[in-house]
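Sequential numbering from 4 applies to the sequence shown in the numbering used here.
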Amino acid sequence: MVAAATATFLVATGAIVTGVAHSAQASTTTLVPTALTIEAGAVVGGVGAIQALDGVGLHLGPGKSRSYRTYQLPSSIDATTIWSFTVKAKYSGPSKQQQVWKWYIRDVVSNAWSLLGDNTEVVDASTPVTLRFYPPGPYARYVSASRAIQIRSVATNKAFATDLDAEWIEFTAGATPAFTGWKPPVGARWQYQLQPPVDTAITAVPWTGGSAVAPQVFDIDLYESDGSTPAAVTVNAIHANGAHAICYVDAGTYENWRPDAAAFPASVLGAHNGWPGERWLDIRRLDILGPIEAARVLKCVNAGFDAV
């Protein structure tokens, strides 16, 4: 099938264009809390207990709990240049169905606590989970005049408790990346074929009529027909015809025929999705799935693909 596609269709299908992101002046910083303020409920341990991932944490609760941690932004960093901001918490405690734990960040502009998220990711109370929260920008709004950032956790009901092994903030500040990779043009002719071998010489008459045309973009599977060899040969053939190749990998389902199938633990496998050998993945578990998918993307890059 040769079809017309636009750059917006790339976004809609989750394609990530690969390329070089130049940001020589940017740097990533990790902050740990410098102070702990207890507002309500029982707390065992001090701020030092959550400054490192060491298995020694802060015991919050049981029952009603409310406290916040204060972080200090270094004077060398201009808050207005922060362009990536993540709050992380290594959490061991009840699932959301048992007790809701919510995280907030103080918005100094509105002088109010802004909701970051909750413990939705927790499936098993006995399994520690790294919760990740992504507040909306601009991020300078979370930095006070004294350069303090405050993160709050709250539980308002039920007699459960939780342990917080660590909590930290990761952010990147400085020059934003300048992308220099391939940018697909609007109206590019598209060939979508996931079953190898791929016919790289295919042509077809457009629905508007006229002469047969060749695809400008191929969306194909990461692997060749053997199911384990990255499709570098096919990508080279696509490039030789002046077209670009997008690498297909499935980030939302487990496929039992993939060479990395054994890397997926049972804890992230969900119900069967109707396709033979496939099951839904618990995409909340980025701590597990992130490295697996990153390894797949690296294979796409090494095989010469132009996007994922």
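Glycine residues also receive a C-beta, built at the ideal position from the N, C-alpha and C atoms.
Task: Residue closest to residue 239, alpha-carbon to alpha-carbon, out of 221, 255 and 252 - done: 221
TODO: List the endpoints of the continuous alpha helix (DSSP H) containing residue 120.
DONE: No alpha helix (DSSP H) contains residue 120, which is instead part of the beta strand (DSSP E) from 115–121.
TODO: Give the straight-line distance between the Cα atoms of residue 134 and residue 89, rounded to the nearest whole angstrom.
DONE: 10 Å
Task: Contact belief for residue 36 with residue 47 at Cβ below 8 Å, rounded distance in angstroms - done: In fact, because the Cβ distance is near 16 Å, the residues do not count as touching under 8 Å.
Task: residue 164 - DSSP class collapsed to helix/strand/coil - done: coil
- [ ] Give the range of the beta strand (DSSP E) segment to which residue 292 is assigned.
- [x] From DSSP, residue 292 is part of no beta strand (DSSP E) but of the alpha helix (DSSP H) over 289–305.
Task: Terminal residues of the alpha helix (DSSP H) in which residue 240 lies - done: 235–243
Open item on the list: Given this structure, state the Cα-to-Cα distance separating residue 275 from residue 206, to the nearest angstrom.
Closed with: 36 Å
- [ ] Answer yes or no: does any C-beta atom of chain B fall closer than 7 Å to that of residue 275?
- [x] This model lacks chain B altogether; it includes just one protein chain.
TODO: Would you please state the rounded distance, in angstroms, between the beta carbons of residue 225 and residue 218? I believe it to be under 8 Å.
DONE: Going by Cβ atoms, the distance from residue 225 to residue 218 rounds to 18 Å, so no, they are not a contact pair.
Task: Cα-Cα separation between residue 15 and residue 162, rounded to whole angstroms - done: In this predicted model, residue 15 has a pLDDT of only 33, less than 50, meaning its place in the structure is not dependable; the value taken from the coordinates is given anyway. Taking the straight line joining both Cα atoms gives about 44 Å.
- [ ] Give, in chain order, every unbroken run of the beta strand (DSSP E) that is at least 3 residues long and sits entirely within the stretch 67–106.
- [x] 68–75 and 85–95
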